[in-house]
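Shown next, in structure tokens, is the structure this report addresses.
Chains as they are written, first to last, in my numbering: chain A, 889 to 1005; chain B, 4 to 277.
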């Protein structure tokens, strides 16, 4: 299973954990198959994260440029106050490299799977 | 005048004994522990009297944070495996966070995330007793919770300031209260009589290079806090990464390769936490 942002949720994905309100009330049970309508509803309710079955990287086909760009965009946001901090910029670069490497590994794994099929 | 206000706020914060959820058991257990003749059997019996608390403690010790392969089924077993200080930390954290369930849920998740990250770092660099690092991570923001409970109006002011000026929660705390949660942590550690290593871990997690007695635990929680924020686990009060002080990674001998390995592991473990 994998925790994913709602934006990456797609119909047919299966919830691995229930979606709950902050007070713990279950809105949608684990095991529910997502539909486009359900995803819109979740969006309206302000749900941001879901835990779904399987690895979305596999479902999404390796790691797209889009996913990597999103991660980097998030990094920019998280580090927005450290533009003048030389050391923090180095840290940011190291993490950005990590994402790139992770992405390359996922893509390679995907290619290997396709070859095997 | 300003000094007066600060003293007053400190007093208000330290009236923690009024916290509705802090179990009487804690006091009782603390007395037992002071006495060298007490056995773990006596201590575990005292904790077990409070069934709700026992259930919470057991749930916590069986979470991926502590990484024991089998199931820990009794308080006594947990005490033997984790030691009293860790169990005490768990009792305090679950009890204090209890009050804040609704509007500070994000902070609880952030604390769990920091605990998990601190434990992963401690294991990766071969620290002795990684559970102690985990519990320091769990408690690292306890000052935020206690301040918010004891001085509710300040909490609103801090939140507003974070949004208005786009500064960190800690900066906003300093502006509103005159001190931040790491200072509150220090008072609380004294108040609860927590051991010196936890005290340093909790009070120096924002300036780990100043910790003198147990710099390592402060450094590990410092990095753990950063990672929990980087991964976006829960919410520490603002949406930035925390400053990673130069020299901390080097002091802990965390090279980029080690860091990547820790992050690989955390990616999987944070899912289990959800």
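A virtual CB, placed ideally from N, CA and C, is assigned to each residue, including glycine.
TODO: Measure the alpha-carbon distance for residue 917 of chain A versus residue 102 of chain B and round it to whole angstroms.
DONE: Rounded to whole angstroms, the gap between the alpha carbons of residue 917 of chain A and residue 102 of chain B is 27 Å.
Task: Exposure of residue 207 of chain B, with buried meaning 16 or more beta-carbon neighbours within 10 Å - done: By the 10 Å Cβ count, residue 207 of chain B comes out buried.
- [ ] For the stretch 218–249 of chain B, list the alpha helix (DSSP H) runs that are entirely contained and at least 4 residues long, ordered along the chain.
- [x] 218–233, all fully within the stretch 218–249 of chain B.
- [ ] Kindly say whether residue 945 of chain A, judged by its beta-carbon, lies nearer than 7 Å to any beta-carbon of chain B.
- [x] Its pLDDT being 47, under 50, residue 945 of chain A is placed unreliably by the model, and nothing is read from it.
Task: Segments of 3+ residues assigned as beta strand (DSSP E) that fall wholly inside the stretch 76–149 of chain B - done: Taking only runs of at least 3 residues, no beta strand (DSSP E) segment lies wholly in the stretch 76–149 of chain B.
Task: Backbone CA spacing between residue 146 of chain B and residue 158 of chain B [nearest angstrom] - done: If I take the Cα positions, the gap works out to 12 Å.
Task: Residue of B:195, B:125, B:178 and B:138 minimising C-alpha distance to residue 149 of chain B - done: Per the C-alpha coordinates, the member of B:195, B:125, B:178 and B:138 positioned closest to residue 149 of chain B is B:195.
Task: Residues near residue 256 of chain B by beta carbon distance below 8 Å, same chain, minus five either side - done: Excluding residues within five positions, the ones whose Cβ falls inside 8 Å are 128.
- [ ] Pick helix, strand or coil for residue 10 of chain B, following the three-state DSSP scheme.
- [x] DSSP places residue 10 of chain B in helix when its eight states are reduced to three.
Task: CB contact below 7 Å: residue 901 of chain A versus chain B - done: So no, residue 901 of chain A is outside the interface.
Open item on the list: Once the 5 residues before and after residue 906 of chain A are set aside, which same chain residues still bring their CB inside 7 Å of it?
Closed with: When the five nearest sequence neighbours on each side are left out, the beta carbons in the same chain lying within less than 7 Å of the beta carbon of residue 906 of chain A are those of 914, 916, 917 and 918, in order along the chain.
Open item on the list: Quick check on DSSP: helix, strand or coil for residue 62 of chain B?
Closed with: If DSSP states are grouped into helix, strand and coil, residue 62 of chain B belongs with the helices.
- [ ] Count the other C-beta atoms from every protein chain shown that fall within 10 angstroms of the C-beta of residue 184 of chain B, then say buried if there are 16 or more, exposed otherwise.
- [x] It is buried - the Cβ of residue 184 of chain B has at least 16 other Cβ atoms within 10 Å.
Open item on the list: With distance defined between alpha-carbon atoms, name the residue in B:88, B:120 and B:52 nearest to residue 77 of chain B.
Closed with: Comparing Cα-Cα distances from residue 77 of chain B to each of B:88, B:120 and B:52, the minimum goes to B:52.
Open item on the list: Let's see if you can read the secondary structure: which residues bound the alpha helix (DSSP H) around residue 935 of chain A?
Closed with: Counting along the chain, residue 935 of chain A falls outside any alpha helix (DSSP H), and DSSP gives it neither H nor E.
Task: Supposed contact pair residue 85 of chain B and residue 64 of chain B - C-beta distance, whole angstroms, cut 8 Å - done: So it is a contact: roughly 6 Å between Cβ atoms.
Open item on the list: Rounded to the nearest angstrom, what separates residue 949 of chain A and residue 223 of chain B at their Cα positions?
Closed with: Any reading at residue 949 of chain A must be qualified, since the residue scores a pLDDT of 45, below 50, and its modelled position is unreliable; the value itself is stated next. Spanning the two alpha carbons is a distance of roughly 36 Å.
Task: Three-state secondary structure (DSSP) of residue 891 of chain A - done: Reduced to three states, the DSSP call for residue 891 of chain A is strand.
Open item on the list: Tell me whether the stretch 123–139 of chain B and the stretch 981–995 of chain A touch, counting them as touching only if at least three CB pairs, one residue from each stretch, are closer than 8 Å.
Closed with: Counting Cβ pairs under 8 Å, fewer than three are found: no touch.
Task: Residue ranges of each beta strand (DSSP E) within the stretch 894–920 of chain A, 3 or longer - done: List check, beta strand (DSSP E) in window: 914–916.
Task: First through last residue of the alpha helix (DSSP H) which encompasses residue 256 of chain B - done: That residue, residue 256 of chain B, is in no alpha helix (DSSP H); it is neither H nor E in DSSP.
Open item on the list: I want to know whether the stretch 237–251 of chain B touches the stretch 963–970 of chain A - three or more CB-CB distances under 8 Å.
Closed with: The stretch 237–251 of chain B makes contact with the stretch 963–970 of chain A: 3 or more CB pairs, one atom from each, lie closer than 8 Å.
Task: Proximity test, Cβ basis, 7 Å: residue 936 of chain A and chain B - done: Chain B contact via Cβ: absent.
Open item on the list: Quick check on the burial criterion: 16 or more other C-beta atoms within 10 angstroms. Buried or exposed for residue 12 of chain B?
Closed with: Only buried fits residue 12 of chain B, as 16 or more other CB atoms lie within 10 angstroms of its CB.
Task: Within chain B, the residues that residue 982 of chain A reaches when beta carbons sit closer than 8 Å - done: In chain order: 259 and 262.
Task: Residue environment, residue 933 of chain A, which counts as buried when at least 16 other CB atoms sit within 10 Å - done: Residue 933 of chain A should be labelled exposed.
TODO: Take residue 931 of chain A and list the residues in its own chain whose beta-carbon comes closer than 8 Å to its own, dropping the five residues that flank it on each side.
DONE: Take residue 931 of chain A, set aside five residues on each side of it, and the residues of its chain with a beta-carbon closer than 8 Å to its own are 894, in chain order.
- [ ] For the stretch 950–967 of chain A, enumerate the residues whose C-beta is nearer than 8 Å to any C-beta of chain B, in chain order.
- [x] Within the stretch 950–967 of chain A, the residues whose Cβ lies closer than 8 Å to any Cβ of chain B are, in chain order, 962, 965, 966 and 967.
- [ ] Can you tell me the Cβ-Cβ gap for residue 936 of chain A and residue 902 of chain A, rounded? I've got them flagged as a contact below 8 Å.
- [x] Taking the Cβ atoms as the reference, residue 936 of chain A lies roughly 19 Å from residue 902 of chain A, outside the contact range of under 8 Å.
TODO: Anything in chain B within Cβ reach of residue 890 of chain A, meaning under 8 Å, just list it in chain order.
DONE: For residue 890 of chain A, the residues of chain B that pass the 8 Å Cβ criterion are 274, in the order they occur in the chain.
Open item on the list: Can you determine whether any heavy atom of the ligand HEM sits closer than 6 Å to the C-beta of residue 175 of chain B, and answer yes or no?
Closed with: No copy of the ligand HEM appears in this structure; indeed no ligand is present at all.
Open item on the list: Against residue 907 of chain A, what residues of chain B qualify as contacts under a CB-to-CB distance less than 9 Å, listed in chain order?
Closed with: Near residue 907 of chain A there are no residues of chain B at all, since even the closest Cβ is about 11 Å away, more than 9 Å.
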